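Notes to accompany the following structure.
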Amino acid sequence: MAATALSPIDRTTARHVVAASFLGWMLDACDFFIVLFTLDNVARSFSTSLEVVLLAPTLTLITRPIGAFVCGRAADAYGRKPVLIGTITIYSLIEVLSAFAPTLTVFLALRALFGVALGGEWGVGTSLIMESVPPSWRGTASGILQAGYPAGYLLASLMFLLLPVLGWRGLFVLGGGAIVSAIYIWLRVPESPDWLARQAQGAGAERPPGMLAVARQNMALCVFAVALMAAFNFMSHGSQDLYPKVFLALERHVPPPSITLLAVLYNLAAIAGGVVFGVLSQRIGRQYAIAVAAALTIPLLPLWTLPHSIFWLGVGAVCIQFCIQGAWGVVPAYLSELSPASVRATFPGLAYQCGNLIAASNALVQTRLAGWIGAGLAPALMLTVGGAALGVLVLTLLNARLHPQSRLG
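Note that our numbering has the sequence shown beginning at 4, numbered continuously upward.
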C-alpha cells in the first residue's frame with residue numbers, strides 16, 4: 004500500500020509512533036534539564052564548588068556524539084524499535100542511579116554515560132518517525148518531535164517546584180519515570196516499515212555500506228550537515244544558555260518570578276514555532292521553511308535584548324524563540340530526507356551531536372565577546388545568535404541547489 008494512502012489502522016499506528024517519539028525526546032530533555040536546575044544543590048551535597056559540578060552537563064555534551072554513532076549504527080543494523088527502547092531504558096536507569104551516587108566521581112561518570120544515551124535517542128527516534136508516517140505528515144511530525152525539547156524544559160521547571168519536598172536526589176528518581184515511554188513503544192509502536200522492507204530486499208545481498216564508507220562517498224554532505232547543525236546549535240544555545248540567569252537576572256534585574264513566567268511563555272512559543280514551521284515545510288519545502296524562520300530571527304534581535312521593561316523583553320523572547328525553535332522544528336525531517344538510507348538512524352543524529360559539540364563553546368564565546376565589547380551581554384547575544392541565524396540561512400539556501408530532492412520515500 005502506498006505511504007500516502009494509509010488505512011485508518013495505519014494512521015492510528017502512525018500517531019502512536021509520533022506520540023512515542025515525542026514522549027521519549029521530551030523526557031530525555033527533562034532529565035537533562037533537571038541537572039541544570041539542581042547544580043548548586045548537587046554541589047552542596049558533595050561539598051564541592053559549582054564550577055566542579057558544571058563538569059556534569061559538559062561531560063553529557065561531550066559524549067553525545069558517541070551515543071549518536073553507536074546507537075545509530077545499532078538501529079541501522081538491528082532495527083529502530085529495539086534500539087530506541089534500549090536507549091530510553093538506559094537513560095532512565097542512569098537517571099535513577101545518579102540519585103544514589105555516593106561520590107562526585109561516580110555522579111560525573113554516570114552523567115557521561117547519560118550523554119551517550121541522550122545522544123542516541125534523538126537520531127533513532129527521528130528515523131523511526133520519518134520512516135513510519137506518510138510523506139504528507141513528515142513536516143508536522145518533525146515539528147512535534149522537536150517540540151519535545153522545550154516541552155522537556157517546561158516539565159523540568161514544574162518538577163523543580165518539588166525540590167523542597169523531594170530534594171535533588173528525589174527529582175532524579177522521579178526523572179527515571181521516563182521508562183514509561185519505552186514501555187509505550189514496546190506495546191504500541193511497530194518497527195519502521197522502511198527498515199523492514201530494506202532488510203527483506205537485502206536478504207542474502209551484500210551488506211550495505213556503513214557510516215564511514217558513506218562519509219567517504221558523501222564528504223561534502225557530511226561537512227555541510229555538521230556545519231549547519233553547529234550554526235543551529237549556536238543559534239539555539241546562544242539564545243537560551245545565558246539569557247535567563249545572566250542577562251535577565253544580573254543585567255536587567257528582572258525578579259525571579261518574572262523570569263520564571265518569561266521562561267514558560269517563550270518555551271510555549273518555542274513549541275508552537277516548531278509545529279507551525281514544521282507544517283509550513285510541508286507546503287513550501289524544508290529548506291525554505293528553515294530559511295524563513297532564520298531570516299525572521301535577525302530583525303527581532305534588538306527587540307529581544309535592548310528593552311529594559313519586562314513586557315517588551317517578554318515580547319522579544321517569545322517572538323525570537325518562536326522563530327529559532329520554528330527553524331529547529333524542520334530539522335528532523337530535513338536531515339532524514341538528506342540522509343542515505345543505509346545510515347538514516349546514524350547520519351541525522353551524528354550530524355546534530357557533532358554540531359552541538361562545536362557549539363558547546365557558546366557560553367565562553369558570549370562572555371568573552373561581552374568583555375571585549377564592554378557594553379554588557381546584549382551585543383554579544385545579538386552577534387552570536389544573529390551570526391548563527393545568518394549561517395543557517397546561507398547554508399540552507401546554498402544546499403537547496405545541491406540536494407533539491409528527498410532521499411526518503
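Note that the Cβ used here is the ideal one computed from N, Cα and C, for glycine as well. These numbers come from a predicted model, not from an experiment.
Task: residue 240, enclosing alpha helix (DSSP H) - first and last residue - done: 222-243
Open item on the list: Please give me, in chain order, every unbroken run of the alpha helix (DSSP H) with length at least 4 that falls completely inside the region 16-75.
Closed with: 42-48, 53-56
- [ ] Could you tell me whether the Cβ atoms of residue 175 and residue 402 are closer together than 8 Å?
- [x] no
Task: Simplified DSSP state of residue 389, which is helix, strand or coil - done: helix
Open item on the list: Output needed for residue 382: all residues of its chain with C-beta closer than 6 Å, excluding positions within five of it in sequence on either side, in chain order.
Closed with: Within the same chain, residue 382 has close Cβ partners 376.
Open item on the list: Please identify the residue among 231, 332, 267 whose C-alpha is closest to the C-alpha of residue 362.
Closed with: 231
Open item on the list: Using a 10 Å radius around the Cβ and a threshold of 16 neighbouring Cβ atoms, would you call residue 54 buried or exposed?
Closed with: Residue 54 is classed as exposed because its beta carbon has fewer than 16 other beta carbons within 10 Å across all chains shown.
TODO: Give the single residue among 79, 354, 266 whose Cα lies nearest to the Cα of residue 158.
DONE: Comparing Cα positions, the closest option is 266.
Open item on the list: For residue 94, report the span of its alpha helix (DSSP H) as first-last.
Closed with: Annotation for residue 94: the continuous alpha helix (DSSP H) segment containing it runs 83-102.
Task: Complete alpha helix (DSSP H) runs within the region 319-394 (minimum length 4 residues, chain order) - done: The qualifying runs are 334-341, 350-361, 365-376.
Task: Cβ-heavy atom distance, residue 398 to the ligand NAD, below 7 Å - done: The ligand NAD is absent from the structure shown, which contains no ligands of any kind.
Open item on the list: Taking its Cβ as the centre, do 16 or more other Cβ atoms sit within 10 Å of residue 253, making it buried, or is it exposed?
Closed with: exposed
- [ ] Find out if the Cβ-Cβ distance for the pair residue 336, residue 172 is shorter than 8 Å.
- [x] no
Task: CA-to-CA distance, residue 368 to residue 153, given in whole angstroms - done: CA-to-CA, the gap between residue 153 and residue 368 works out to about 23 Å.
Task: N- and C-terminal bounds of the alpha helix (DSSP H) containing residue 255 - done: No alpha helix (DSSP H) holds residue 255; DSSP gives it neither H nor E.
Open item on the list: With three or more beta-carbon pairs closer than 8 Å as the criterion, would you say the region 106-126 touches the region 241-256?
Closed with: No: the two stretches stay apart, fewer than three of their Cβ pairs being nearer than 8 Å.
Task: Top-ranked residue by Cα proximity to residue 279, from 82, 149, 60 - done: 149
Open item on the list: Considering Cα atoms alone, identify which of 139, 26, 166 is closest to residue 37.
Closed with: Measuring from the Cα of residue 37, the nearest candidate turns out to be 166.
- [ ] Output yes or no for whether 8 Å exceeds the beta carbon distance between residue 34 and residue 178.
- [x] yes
Task: Same chain, Cβ closer than 6 Å to residue 26, neighbours up to 5 away in sequence not counted - done: 184
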